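Reading through the structure tokens given below for one structure.
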Amino acid sequence: MDASVYKVIEVVGMSEKSWEDAAKIAIQKVDKSLRDIRIAEVVDMDMRLEDNRIVAYRTRLKVSFKFDD
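Under our numbering, the first residue of the sequence shown carries the number 192, and numbering increases by one thereafter.
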């Protein structure tokens, strides 16, 4: 039987457009340094405000990837 172990990290993406875009940006960045990403789960979404205006959407993700020996 092939046993696998996965590591889970938390990352936050930020975008001026949308929460979806923030999540996409986070995954694109993580993809540059991790291999074999399996799952990304949205944990939280919030907005950065300045003078009562939305200046950025933030999406927090839990990302799992295969942990190599």
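For each residue, glycine too, the CB sits at the ideal point set by N, CA and C.
From a predicted model like this one, the values you see are computed outputs, not experimental measurements.
Cβ atoms of residue 236 and residue 247 stay farther apart than 8 Å, at about 12 Å.
Spatial neighbours of residue 230 in its own chain (CB-CB distance under 6 Å, excluding positions within 5 residues in sequence) are listed in chain order as 255. By the neighbour-count criterion, in which 16 or more other beta carbons inside 10 Å mark a residue as buried, residue 214 falls on the buried side. In this structure, residue 199 places its C-beta atom within 8 Å of the C-beta atom of residue 253. In the assembly as shown, residue 217 is a buried residue. Its beta-carbon has 16 or more other beta-carbons within 10 Å.
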